[in-house]
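Per numbering that gives the first Met the number 0: the sequence shown = residues 0 to 167.
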Amino acid sequence: MFFSKIYKSWKGIQEEKYKRILLGFDTDLLAKAFSGKVLDLGSGSGFFEKFLQKEGFNLSKWVCLDPDMDMLGRSGGFLCMLGSGNYLPFKPGSFDNLICLDSIHLIREDFFWVLKPGGFALVSLFYNPGNLEDRRKFLKERIGNMETVKEFQIEGRESEIFILARKR
Numbered sequence: 000m001f002f003s004k005i006y007k008s009w010k011g012i013q014e015e016k017y018k019r020i021l022l023g024f025d026t027d028l029l030a031k032a033f034s035g036k037v038l039d040l041g042s043g044s045g046f047f048e049k050f051l052q053k054e055g056f057n058l059s060k061w062v063c064l065d066p067d068m069d070m071l072g073r074s075g076g077f078l079c080m081l082g083s084g085n086y087l088p089f090k091p092g093s094f095d096n097l098i099c100l101d102s103i104h105l106i107r108e109d110f111f112w113v114l115k116p117g118g119f120a121l122v123s124l125f126y127n128p129g130n131l132e133d134r135r136k137f138l139k140e141r142i143g144n145m146e147t148v149k150e151f152q153i154e155g156r157e158s159e160i161f162i163l164a165r166k167r
């Protein structure tokens, strides 16, 4: 895939974004959202997981899912699965929490059914100054009736809106 060929060059930009994500949360909330059995949809080559490990997070129960074998081949150290967010091979309520950074716009199907009640989902979508409100609306529609716990934006070379939601 085209993306796997350019993704490696974005590592520095991604790491800066991850630092800013951690600053957007208080420690207790972050610990809850990134604990237990976590599914990372569109994990890419595992930049986020590697960053979190450096920050001291235990990711032994994380499952990384990506449709690009070239990306997964470089993730290492996590349970990696080749697959699509549109066809999840899991039972309902299989995960305590879910992460979907930079890829929710590529997934047509609902995927929140894999979350246990009370589970957190951290989703993000890039935007530019002209479409921020449309992107926010898109994310809100995608999380449906989940409770929005926190919402914030990161502006920079790659501006993104983030929503942390909890399944009722």
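The beta carbon of each residue, even a glycine, is placed where N, CA and C say it ideally should be.
Neighbourhood of C99 by C-beta distance below 8 Å, restricted to the same chain and skipping five residues each side
Along the sequence shown, one-based indexing puts residue 99 at 100. Within the same chain, C99 has close Cβ partners D39, L40, G41, G84, I106, F110, A120, L121, V122 and S123.
What number of angstroms, rounded off, separates the C-alpha of P66 from the C-alpha of Y86?
One-based indexing of the sequence shown puts residue 66 at position 67. One-based indexing of the sequence shown puts residue 86 at position 87. Going by the C-alpha atoms only, they are around 11 Å apart.
Output the boundary residues of the beta strand (DSSP E) element that contains E146.
Residue mapping note: residue 146 aligns to position 147 of the sequence shown, counting from 1. Per DSSP, the continuous beta strand (DSSP E) segment holding E146 begins and ends at E146 to I153.
Inspect the beta-carbon positions of K115 and M145 and report whether they are closer than 8 Å.
As a position in the sequence shown, residue 115 is number 116, starting the count at 1. As a position in the sequence shown, residue 145 is number 146, starting the count at 1. No, the pair does not count as a contact, with Cβ atoms beyond the cut-off.
Does the distance from the CB of K239 to the CB of K60 come in under 8 Å?
The structure shown does not extend to residue 239, since the chain is modelled only from 0 through 167, so no value can be given for it.
Can you tell me the Cα-Cα spacing of F50 and Y126, whole angstroms?
Here residue 50 refers to the residue found at position 51 of the sequence shown. Here residue 126 refers to the residue found at position 127 of the sequence shown. When rounded, the distance between both Cα atoms is 23 Å.
Are L78 and C63 closer than 8 Å when you measure CB to CB?
As a first step, residue 78 must be located in the sequence shown, where it is residue number 79. As a first step, residue 63 must be located in the sequence shown, where it is residue number 64. C63 sits close to L78, with the two beta carbons spaced by under 8 Å.
Please report how far the alpha carbon of I153 lies from the alpha carbon of Q13, in whole angstroms.
Here residue 153 refers to the residue found at position 154 when the sequence shown is read from its first residue. Here residue 13 refers to the residue found at position 14 when the sequence shown is read from its first residue. Each residue's alpha carbon lies about 12 Å from the other.
Segment limits, beta strand (DSSP E) that includes F119
The count along the sequence shown starts at 1 and reaches residue 119 at position 120. Following the DSSP letters along the chain, one finds F119 inside the beta strand (DSSP E) bounded by residues L114 to F125.
What residue range does the alpha helix (DSSP H) around F33 cover?
To locate residue 33, count along the sequence shown from 1; it is residue 34. Counted as a single uninterrupted DSSP element, the stretch harbouring F33 is not any alpha helix (DSSP H), since DSSP gives it neither H nor E.
If I measure Cβ to Cβ from G92 and keep anything under 6 Å in the same chain, skipping five residues before and after, which residues do I get?
As a first step, residue 92 must be located in the sequence shown, where it is residue number 93. K115, listed in sequence order.
When you compare each of Q52, F33, R134 and G45 to D69 by their alpha carbons, which one comes out closest?
Against the sequence shown, residue 69 aligns to sequence position 70. Among Q52, F33, R134 and G45, the Cα nearest to that of D69 belongs to G45.
Taking the alpha-carbon positions, what's the A164 to D133 distance?
Taking the first residue of the sequence shown as 1, we reach residue 164 at position 165. Taking the first residue of the sequence shown as 1, we reach residue 133 at position 134. If I take the Cα positions, the gap works out to 18 Å.
Terminal residues of the beta strand (DSSP E) in which R165 lies
As a working mapping, residue 165 is identified with position 166 in the sequence shown. Taken as a continuous stretch (DSSP letters only), the beta strand (DSSP E) holding R165 covers E159 to R165.
Given a threshold of 16 other Cβ atoms within 10 Å of its Cβ, counted over all protein chains shown, does L71 qualify as buried or as exposed?
By 1-based counting over the sequence shown, the position of residue 71 is 72. It counts as buried.
Which of the three DSSP states is assigned to F24 in this structure?
The residue you call residue 24 lines up with position 25 of the sequence shown. In the structure shown, F24 sits in coil (DSSP, three-state: anything other than H, G, I, E or B).
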